[in-house]
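A short write-up of the structure that comes next.
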Amino acid sequence: MQPKPKALTYLDIFTAVLLLSSVGMVFFYAPMEAVMGNVQRVFYYHVATGWVGMLSFFAAAIAGILYLRSKDRKWDVFAQAAVEIGIVFIFLNIVTGSIWARPIWNTWWTWDPRLTTATIMELIYFAYLMLRQGIEDPERRARFGAVYVILGFVSVPLTFFSARLFRTIHPVVIGTNQPGAEGQFDMTPKMVQTFLFSLFTFTFIFIDLMWHRLRLGRFADQVEQLKLRLSL
Amino acid sequence: MNFLRATLAVIAKDLSGELRSRELLSAMFVFAVLVILIFNFALELDVKTRSTVTAGVLWVTFAFAGSLGLNRSMAMEKDRGCMDGLLLAPVDRSAIYFGKMFANLIFMLLVEAIVLPLYSVLYNTNLFQAGFLGVVLLGSLGYVSVGTLLATMTVQTRTRDVLLPILLFPLAIPVFIAAVKASTGYLQGLDMEAIRPWLNLLVVYDTVFTAVAFMVFDFVVEE
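Here the protein sequences come in this chain order: A and B.
All the letters of the first sequence, read from the start, carry residue numbers 1 to 232 under the numbering used here.
All the letters of the second sequence, read from the start, carry residue numbers 1001 to 1223 under the numbering used here.
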C-alpha cells in the first residue's frame, strides 16, 4: 500500500483554503440581490455543484469510451469514481435549487426541464451503480459499466430537449434571457467575481475528491484481485 | 448480403420458436390487458378523462409489456445456452443484434396490434389513424433498440429481471415523453405544427440509439 502522496496533502489544504475564502466571498463580498435578498446567495453554489456534476458525468462517459478502446482497468476505476462524485454533486445541486425555489417560485419542486433532467440523470447513474453491483466478474462489470455510462450520457441531452418542449420557468442567468422565466437577475461585477471564484473552487474540490476516490478505487481493486487469487 | 441473411435468420429463428411455445406473446398480451384493467379502476376512464389520458395509459402498458418481453426473449437465449451457439456462428455480431431487435420489435407490434383494437372497443375510441400508428411504430422501435442491448447485458447479471426496467426506463424517458405527446396530438386532432417537434424527437432518438447500440453491442456479448 502506497503512502498518501505529498502533492495530495497540499491539494487538500489548498482546496480547503479556497472553500473557506469562497464562503467568505459569498457572504461578505458579493452584494445582496435587490429583489430576492439573501436567498440569492445560494446561486453561487447551486451552479457550481451543477457544474461539478456535469463535469463528472462527462468525465465518466469519456472514461467509458477509453475503457472500451484500451481495456485498461484504470479507466473503469475512473468512471466509477466520477459517477459517484457526480451523483453527490447533482443531488446537492437539486437541494440548493429547492431551497431557492421555495421563496422565489413559491414551490419546492416543479417539472421544469432542468429539474426533470437532473432527476432522471440521478436515476440513470443510480442504475449504473446497481448494474455494477449485480456483476461479480470484474472484467465484465467494467465492460457493461462502460457501455451503460456511454448510453446514459447520450440520453441526457435528448431528455433535456424532450422536457424543454414543455415550457420552462427556470431562469437563464448566463447567456440570453428568455421570456417567462421567473427569478431572473443581472449580475453586478462583484457577483460575477464571486460566481467565477466559486466555480474555480468547486473545480478544485472535484479534482481533490477524484484523486482520493481514485486511490481508494485502486486499493479496492488490489483487494479484489487478492481475494480472487485466494479463492483459486 | 450475408449480413442481411444472418439478420433474417435470427428473426426467423425467434419467430418460429415463438410459434411453437407461444410463451412470450401470451405473457406479454395477458399482462398488457391486466395493466389496462388496473388503469380502468385507478383512473376512472370516463369519456372526459379518456381524451387526455388514452395515450399515456397505452404507452405505460406498452412499456411494461415490452420490458417483460425483452427480458424473456434474452433469458431464453441465456438459459438454454443458445447465445453461445449464436455467437459461434461466423457472422458479424451486429447481425445478431439487429436480428434480436427486429424480432423483439415484431413481438411488441403484435401485442400492440391486439391491444389497440381491444382498447378501441372497450372505450369506444377510434385509435386507427395513420399518424397515431406511425407514432406507435417509431416509439416501439426506439424502445426495443435500446431495450435489446440492455436486456443482453442484464441477463448476464445476478439480479437479471429486476435490473432491466431500472436500466431501461430512465434511458427511454425521451421516447415516452415524445410518443405520449405525439399520440395525444393525433388523437385530439391537433395540427401538424404541434406534433412535428415530437415526431422529430422520436426519429432522432431512434437513429441515435440504434447507432450507439450497433457500435457497442460487440462489447456486450464478448466473452
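Don't be surprised by glycine CBs; every beta carbon is placed ideally from N, CA and C.
- Inclusion of residue 1039 of chain B and residue 1069 of chain B in the CB contact set at 7 Å is not warranted, their separation being larger than that value.
- Sequence-distant partners of residue 1172 of chain B (beyond 5 residues in either direction) whose C-beta falls short of 6 Å from its own C-beta, in its chain, are 1143.
- Contact between residue 83 of chain A and residue 149 of chain A holds, with the beta-carbon distance rounding to 7 Å and staying under 8 Å.
- Exclusion of the five residues before and after residue 107 of chain A leaves 101 as the residues of its chain whose Cβ lies within less than 7 Å of its Cβ.
- Nearest Cα to residue 7 of chain A within the set A/222, A/207, A/112 and A/232: A/207.
- Secondary structure of residue 1189 of chain B (DSSP, three-state): coil.
- Per DSSP, residue 1155 of chain B is not a residue of any alpha helix (DSSP H), being assigned neither H nor E.
- For residue 198 of chain A, the closest C-alpha among the options A/103, A/19 and A/11 is that of A/19.
- Fewer than three beta-carbon pairs drawn from the stretch 71-87 of chain A and the stretch 30-40 of chain A are found closer than 8 Å, and the two stretches are therefore not classed as touching.
- In terms of CA proximity to residue 1146 of chain B, B/1098 leads the group B/1098, B/1188 and B/1189.
- Counting C-beta pairs with one atom in each stretch, the stretch 42-62 of chain A and the stretch 190-204 of chain A have three or more that are closer than 8 Å, which means they touch.
- Here residue 1165 of chain B is buried, its C-beta having at least 16 other C-beta atoms within 10 Å.
- Look at residue 1081 of chain B here: in three-state DSSP terms it is coil, with no helix or strand label.
- Residue environment for residue 191 of chain A: buried (at least 16 other C-beta atoms within 10 angstroms of its C-beta).
- For residue 142 of chain A against residue 73 of chain A, the beta-carbon gap comes to about 6 Å, under 8 Å, which counts as contact.
- Sequence-distant partners of residue 1154 of chain B (beyond 5 residues in either direction) whose C-beta falls short of 8 Å from its own C-beta, in its chain, are 1071, 1074, 1160, 1161, 1163, 1164 and 1167.
- Between the alpha carbons of residue 1137 of chain B and residue 1174 of chain B lies a distance of about 15 Å.
- At a Cβ-Cβ threshold of 7 Å, residue 1178 of chain B and residue 1150 of chain B do not count as neighbours.
- In this chain, the alpha helix (DSSP H) harbouring residue 23 of chain A covers 6-24.
- The Cβ atoms of residue 1032 of chain B and residue 1061 of chain B lie closer than 7 Å to each other.
- In terms of CA proximity to residue 34 of chain A, A/187 leads the group A/194, A/211 and A/187.
- The bridge partners DSSP lists for residue 37 of chain A are A/33.
- In the structure shown, residue 1099 of chain B adopts helical secondary structure according to DSSP, grouped into three states.
- Listed along the chain, the chain A residues whose CB falls inside 8 Å of the CB of residue 1153 of chain B are 131, 144, 147 and 148.
- Under the DSSP assignment, residue 51 of chain A falls in the alpha helix (DSSP H) whose first and last residues are 42-70.
- Residue 1113 of chain B places its beta carbon 7 Å or farther from that of residue 1011 of chain B.
- Taking 7 Å as the threshold, the shortest C-beta distance from residue 1159 of chain B to chain A falls below it.
- Against chain B, the CB of residue 65 of chain A has no partner CB under 7 Å away; the residue lies outside that interface.
- Flagged as an interface residue toward chain B: residue 134 of chain A, by a C-beta distance shorter than 7 Å.
- The residue from A/162, A/210 and A/229 with its alpha-carbon nearest to that of residue 1204 of chain B is A/162.
- In chain order, 154, 155 and 158 make up the part of chain A whose C-beta sits under 9 Å from the C-beta of residue 1208 of chain B.
- If you draw a 10 Å sphere on the C-beta of residue 1079 of chain B, you find fewer than 16 other C-beta atoms in it, and that means exposed.
- Under the three-state reduction of DSSP, residue 111 of chain A is assigned to coil, being neither helix nor strand.
- Taking residue 1094 of chain B as the centre and dropping the five residues before and after it, the same chain places the C-beta of 1214 and 1217 closer than 6 Å to its C-beta, in chain order.
- Nearest Cα to residue 136 of chain A within the set A/193, A/224 and A/5: A/224.
- Here DSSP, grouped into helix, strand and coil, assigns residue 1093 of chain B to helix.
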